[in-house]
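The numbers in full-length UniProt numbering rise by one with no breaks, and the one at position 163 of the sequence shown is 163.
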Amino acid sequence: MIRAVCLNPVIDRTYYIDQFTAGRQYKNNEPSECVGGKGVNVAKVCAQLGEPAAVYGFVGGTAGGRVRAEMARCCSSVCLLEVAGETRTTINVIDRSQNLETEILEMGPSVVPAQAELLLCRLEEDLEKGDIVVCSGISIPGAPEDIYVRIGAMCEKAGAMCILDANGATLRNAAEGRYYLCKPNQNELAELCGEAPTTDAEALCRMARKVLPGRFEWIMVSMGAQGGLLVSGTECCLAEVPDVPVMSTIGSGDSCVAGFCVGLSRGMPPRQAFALGMACGVANSMSDAVACVSPDDVRRLLSQIMLSDPKQYSIETKGGPL
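See the structure below:
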């Protein structure tokens, strides 16, 4: 079972405004809205690929009810604990004319320590050997800073794999734990290493190996249109992705994580699961919707994902069947 932890879900509201400029008024806009949050997005994509998933987190108010209802439709198990306050909304402004995305993030509701402990207990009770647990996105105010560290230890004890996909302070706090895989983007990896951002694949591979020991078995680095890297202590694999018409990249990283987890759940080796994840990330970018992939698109794109050694760029394999 894939179990997605999304401590602080969200309602994503997206506006499409060309030539967007701060300080101006934009009338008569019709936003699109969907239930989101990184872990929620992972669970949604798993469902689209036909893989059972469970979701864990906190919701509040009318918006929280909407999250709960959406997850009940697509997940095989839902553990969303009710808290005071209102589930947050994120505003995205996409300017296709300038290829820019602007994001405004709310903090969301808070939890008390007893609520955080209850969620951890529920997850621990549900965990089975071979499960894949995804710790995604920002934490929620009131939760212990080491909540993802504790989940990582819980997974290790149960014989489950734990995937970490967080950023900012949540990533820094969580990085002291042990996980099967961590998925930063290239800037987050540089920040984690205390180095300057770079797009150089060899430099990113070196940075990944700097933070691997004692923390992660693998690091997956997302690099936007350049593709991504999968790094272990002995391997460094570059995924080159096909050029496609991009509608929106929101949710592509989460779609990539979902595809990787689906691959592992189906017995694929990490490199093949990586290719499947990259295909899912590209498929999501071809849609206006967030965390929306077509299995047909994923199958087609998977055959176009090129895996190579970043030092030589010599093609070693292509993605296998979905």
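We put the CB at the ideal spot given by N, CA and C, even for glycine.
Can you tell me whether DSSP reads residue i as helix, strand or coil?
i           : result
Cys-256     : helix
Phe-216     : strand
Glu-101     : strand
Ser-314     : Reliability fails at Ser-314, whose pLDDT of 33 lies under 50, so the model's placement of it is uncertain and the value that follows must be treated cautiously. Note: Ser-314 maps to coil in three-state DSSP.
Gly-85      : coil
Leu-307     : strand
Ala-160     : coil
Asp-296     : helix
Gly-142     : coil
Asn-92      : strand
Cys-75      : coil
residue 375 : Residue 375 cannot be examined here, being either before or after the span of the chain that is shown, 1 to 322.
Ala-166     : coil
Ile-2       : strand
Val-149     : helix
Do residue j and residue i count as a contact pair if the criterion is CB distance below 7 Å?
i       : j       : result
Trp-218 : Leu-276 : no
Ile-17  : Val-93  : yes
Arg-3   : Val-133 : yes
Val-55  : Ala-43  : yes
Val-290 : Gly-36  : yes
Val-262 : Cys-46  : yes
Thr-62  : Val-10  : no
What residue does the alpha helix (DSSP H) around residue i start on, and which one ends it?
i       : result
Ser-285 : 270-285
Cys-34  : Taken as a continuous stretch (DSSP letters only), Cys-34 belongs to no alpha helix (DSSP H), being part of the beta strand (DSSP E) at 32-36.
Give a yes or no on whether 7 Å exceeds the smallest Cβ distance from residue i to chain B.
i       : result
Cys-256 : Annotation note: the requested chain B is absent from the structure, which comprises a single protein chain.
Over the uninterrupted beta strand (DSSP E) stretch that includes residue i, give me the two end residues.
i       : result
Tyr-26  : Counting along the chain, Tyr-26 falls outside any beta strand (DSSP E), and DSSP gives it neither H nor E.
Thr-14  : 10-16
Ala-239 : 236-240
Arg-266 : Counting along the chain, Arg-266 falls outside any beta strand (DSSP E), and DSSP gives it neither H nor E.
Ala-291 : From DSSP, Ala-291 is part of no beta strand (DSSP E); its letter is neither H nor E.
- Message: Between the region 232-252 and the region 144-155, can you find at least three pairs of beta-carbon atoms closer than 8 Å?
- Response: Of all C-beta pairs linking the region 144-155 to the region 232-252, fewer than three are shorter than 8 Å, placing the two stretches out of contact.
- Enumerate, from N- to C-terminal direction, the unbroken beta strand (DSSP E) stretches of 3 or more residues contained entirely within the region 176-227. As far as the region 176-227 is concerned, its whole beta strand (DSSP E) runs of at least 3 residues are 179-182 and 216-222.
- Determine, using beta-carbon pairs with one atom in the region 150-169 and one in the region 182-189, whether at least three such pairs fall under 8 Å. Segments in contact, yes.
- Which full runs of the alpha helix (DSSP H) of 4+ residues lie inside the region 105-140, going along the chain? With a minimum length of 4 residues, the continuous alpha helix (DSSP H) runs that stay inside the region 105-140 are 113-126.
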